[in-house]
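Residue numbers (my numbering), protein chains in the order written: chain A, 346 to 575; chain B, 124 to 1031. All residues carry an ideal CB built from backbone N, CA and C; glycine is no exception. Notes follow the structure.
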């Protein structure tokens, strides 16, 4: 029994970029549908019921952010956005609106596929019964008993640090903006105090990472937020 | 008495005062009760001590009057040569103000503060010279006698019988930084007088004997002591107010003084000044011009103006108001300005009019809520109001053009002609009414003189033609005498009334005209857009209201005055020196002011709220007219309106330039984004398509794969170049807005290392950041770029296997240093600065990729952060790049620890 091929929609107005994205995805066994504008993209998303969306932020007939908001109203499929290099605010806005990850143009096939695969994995995992134990590197997190172990030794986390960790664990391989983390851990009144997040993330890194200055799991996306890699 | 918080506005003004005072020179006054107590001696002694301590002391002017001991003190002190002035054929010497300003000593001695300067000097009074010296930052020592103080001048004159005309305003004395009382007991002073050591110029022998009576000296000594004590008292009050030890009074009882045309006006002003100073309240001085005072001689009117000026100089607000009744006018003014105390001169005792109520009584009666203070007259004996020889004589007031007399005579004739046929019909009393009418008509139309003439004519006509016996001037019935007198009286009264009304109407009209002219000018000015328009409008107004020609000089960007503006109809020739003086000092100069009053023009600086914008020069046809306080107020308003219009023009200009700048910046930004997008899209396509070559079926041959890989690499390289160029363009245009956040350096280091990925694979990277490095405020993306650039360079220019390390330290109190160093070959000696220049590379024509913008961009980014970047060679070999960031004050995170959202304990 084979799973039906996962579908992806690619919303991008530049045909050549669409072409190579399609080729990359199809080579890995995805079924690809294309759209070249926000409107068409919404229609395709509605009719084809894809498992993932790849969205360009510089679409001619509207803001990519609007597409994300519309989509998120009725679907929670992962969304990867393609953005130009120097618009951190664009990326942050897209992520805050509901996107999960982003790619900076120009990007290569390898990066694209890595991100796509990570998102599909997460999607699949959520579909199974939620497990209560999470492992990455030599860290083991038991969510039921709120116990964290590193290399077999227990690690003590303050309540805030633990809460941060759970946020990250809930969204592996996705990018979380400072604002999202602030809202989830400290509440909606603190969304301007991003230094809180940074300081506590630093603590977490010190406690969990081998080399806090060159982390492998809790990665910083400068100007945007954090990415947790399993 | 609870401590009240001091008024913040007051404290602010006090701080500003202190600042201003710090830049100003310090004035030390040696104060004495009379001539001969030894003030000059004391001043010179103190100055010598200062000179011994190494202070740069210069003697500006010192009056020794030939006394040997005083002259001995002058030895060893530098003396500024006096200015020589030829006046009326004689050679006189005077203190050289410009010389002193040029010499700029630390301390200068200027004797006799109350001295009046020779005509032709810049200021008429020496204390004004001293003021300029203080403003230039030079400290001054000077001497003053108690009788020279403005408010005490008349008191001392009364005590001693000698009135000195050279005075110093009290505010100069009060504003002095230090006052030293030089005190000598009267017995010792008399002894010195006997020894001939006391010198009083310009006084007769007898007067001096009168002056130096022991009673006088004691009184003067007390006056001097008390005045010094008052000063100390007010200083203490100020101190207490600063320290907010006592609450500041909120209620103020302000003072109103009224002066008339009589002799005692200055006495009233001085009393008011003293009382106001004691109570520390604002005070007003007014002069009520009733119709009766119209006939004042010129000299009397000048006296009034002079007294008002004295009041204004001493710090009062003055006004000249017209009204029918003195008492009413005073009460209205007092009520409208919220003044609760009224000061008037004591009226002369008029015992032969027992029903006469003095002005003070009437005020008290009509306004029971006002305090009334009567100031005594100088002379004890009652003085008849002497008619000044040049008061307008009665005959003058009767004058009128002969046509008016003729016409009023015609009225009489008409009345007679009308009445004659009616003689039989009406009673004589009614015919009298007709004649009365004629008199009233003549009074209304032709004024006082013709009305009086008409009255007489009518009475004569009535008598001649109607009163029996007819056709003769005899009167049979004495009751007609009553008729005659009533007619005469009615005529005169009506004439007087209408004349008064006309006067009031005239003055009201002229005031209304002035206000309307002011309104029209401000309306026109608000529409003016060019300096020439402003000049033309002002010329019109000046001509109408002041009867003067004007010249306007505006200041340019660098605060230098340009040439006068072109005015149609020509403008007077201005003295640029005086213009510059007025502009720099922000004070009026020229005719009627304290500076260079000999000049025929009046120079007024145009002071706008932000800066002084230029100078206005007036050449009035009747200079005396400008002296009245009303005119000066008008002139002040005039100057301010012009200044505001000029300032408005300036800011319109600024706004336009800014709009243009903003537009061009917007254009540049959108251009950059468009270029950025247009370049990146094909690059993305290239990279992607090169990648896709690997995915074709069948997979490409090794040769093809290699080609595809090269294509990809080159596309990425071009991408890096495009990024650099665009970043450089953006940074150069200053269009970068930093997104500064407080963050950990460690994070940015980590992401920079990651972003380089494989480039660093062949090197050993070590990160050594101190544990206690504080949060720093910077733009993460930009600093990541700086680190990435530095790391990339390190990887490019060092052989494989080299060690690259990143470190940081809080070097100084206000900066943090971050460095990237390697153990490779290091930088070419002497080129540490050059590599930061655009398109510079370590070695020319190197095979390594890159166009040489990386370090330039780093420097621009660091500059935008307020930091710096430099390169150096390590002593143990290898290159080291260091950049600094300002530390700032990181926000506290104590609050971050408190309550995360509830429900955490139960969550999975």
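Check                                                                                                                                                                                                   : Outcome
Taking the alpha-carbon of residue 1092 of chain B as reference, which of B:496, B:361, B:174 and B:227 has the nearest alpha-carbon?                                                                   : What the structure shows of chain B is the stretch from 124 to 1031, and residue 1092 of chain B is not part of that stretch, so it cannot be assessed.
Using a Cβ-Cβ cut-off of 7 Å (strictly less than) and excluding sequence neighbours within five positions of residue 723 of chain B, which residues of its own chain qualify?                           : 714 and 742
Look up residue 637 of chain B in the DSSP assignment and say whether it is helix, strand or coil.                                                                                                      : helix
Please identify the residue among B:693, B:452, B:683 and B:308 whose C-alpha is closest to the C-alpha of residue 700 of chain B.                                                                      : B:683
Would you report the Cα separation of residue 510 of chain B and residue 576 of chain B, rounded to the nearest angstrom?                                                                               : Its pLDDT being 46, under 50, residue 510 of chain B is placed unreliably in this model, and the value from its coordinates should be taken loosely. Rounded to whole angstroms, residue 510 of chain B to residue 576 of chain B spans 25 Å at the Cα level.
Among B:180, B:552, B:390 and B:854, whose alpha-carbon lies nearest the alpha-carbon of residue 609 of chain B?                                                                                        : B:552
Taking only the alpha-carbon atoms, compute the straight-line gap between residue 221 of chain B and residue 244 of chain B and give it to the nearest angstrom.                                        : 10 Å
Answer with buried or exposed for residue 869 of chain B, where buried requires no fewer than 16 other C-beta atoms within 10 angstroms of its C-beta.                                                  : buried
Suppose the cutoff is 6 Å on Cβ atoms and the five residues either side in sequence are ignored; what does the same chain contact list for residue 417 of chain A look like?                            : 443
Quick one: give me the first and last residue of the alpha helix (DSSP H) that residue 446 of chain A is part of.                                                                                       : Taken as a continuous stretch (DSSP letters only), residue 446 of chain A belongs to no alpha helix (DSSP H), being part of the beta strand (DSSP E) at 446-449.
Roughly how many angstroms separate the alpha carbons of residue 185 of chain B and residue 232 of chain B, rounded to a whole number?                                                                  : 7 Å
Please work out which residues of its chain come closer than 7 Å, Cβ to Cβ, to residue 503 of chain B, disregarding the five sequence neighbours upstream and downstream, and give them in chain order. : Here residue 503 of chain B scores only 45 on pLDDT, less than 50, and its place in the model is too uncertain to base an answer on.
Report the three-state DSSP secondary structure of residue 565 of chain A (helix, strand or coil).                                                                                                      : strand
Buried or exposed: where does residue 799 of chain B fall if 16 or more other Cβ atoms within 10 Å of its Cβ makes it buried?                                                                           : buried
If you draw a straight line from the alpha carbon of residue 497 of chain B to that of residue 279 of chain B, how long is it in whole angstroms?                                                       : 20 Å
Threshold first: 4 residues or longer. Then list the alpha helix (DSSP H) segments lying entirely within the segment 417-480 of chain B, N to C.                                                        : 421-437 and 449-459
Taking CB distances under 8 Å as the criterion, tell me whether residue 990 of chain B reaches chain A.                                                                                                 : no
Does chain A have any CB closer than 8 Å to the CB of residue 835 of chain B?                                                                                                                           : yes
Leaving out five residues before and five after residue 867 of chain B in sequence, what residues of the same chain have Cβ atoms less than 7 Å from its Cβ?                                            : 898
Is the CB of residue 374 of chain A under 8 Å away from at least one CB in chain B?                                                                                                                     : no
Does residue 880 of chain B come within less than 8 Å of chain A when only Cβ atoms are used?                                                                                                           : no
Based on DSSP bridge pairs, tell me the residues matched to residue 996 of chain B.                                                                                                                     : B:1002
Return the chain-ordered list of same chain residues with a C-beta closer than 6 Å to the C-beta of residue 528 of chain B, the five sequence neighbours on each side being excluded.                   : 573 and 576
Any beta-carbon of chain B closer than 8 Å to the one on residue 480 of chain A?                                                                                                                        : no
Compare the C-alpha of residue 984 of chain B against each of B:905, B:1000, B:932 and B:1012 and name the closest.                                                                                     : B:905
If you measure from the beta carbon of residue 525 of chain A to each beta carbon in chain D, is any gap under 8 Å?                                                                                     : Among the chains of the structure shown, chain D does not appear; the protein chains present are A and B.
Answer with yes or no whether the minimum CB distance from residue 540 of chain A to chain B is below 8 Å.                                                                                              : yes
May I have the straight-line CA-CA distance separating residue 516 of chain A from residue 564 of chain A, to the nearest angstrom?                                                                     : 13 Å
CA-CA distance, residue 591 of chain B and residue 585 of chain B?                                                                                                                                      : 10 Å
Expressed to the nearest angstrom, what Euclidean distance is found between the alpha-carbon atoms of residue 513 of chain B and residue 422 of chain B?                                                : Since pLDDT at residue 513 of chain B reaches only 44, below the 50 mark, its modelled position is unreliable, and no value is offered.
Have a look at residue 484 of chain B and residue 467 of chain B and give me their C-alpha separation to the nearest angstrom.                                                                          : 11 Å
Expressed to the nearest angstrom, what Euclidean distance is found between the alpha-carbon atoms of residue 482 of chain A and residue 938 of chain B?                                                : 37 Å
So which of B:976, B:1000, B:441 and B:429 has the shortest CA-CA distance to residue 952 of chain B?                                                                                                   : B:1000
For chain B, is any of its Cβ atoms less than 8 Å away from the one on residue 365 of chain A?                                                                                                          : yes
Give a yes or no on whether 8 Å exceeds the smallest Cβ distance from residue 886 of chain B to chain A.                                                                                                : no
Whose C-alpha, out of B:814, B:751 and B:246, is nearest the C-alpha of residue 452 of chain A?                                                                                                         : B:814
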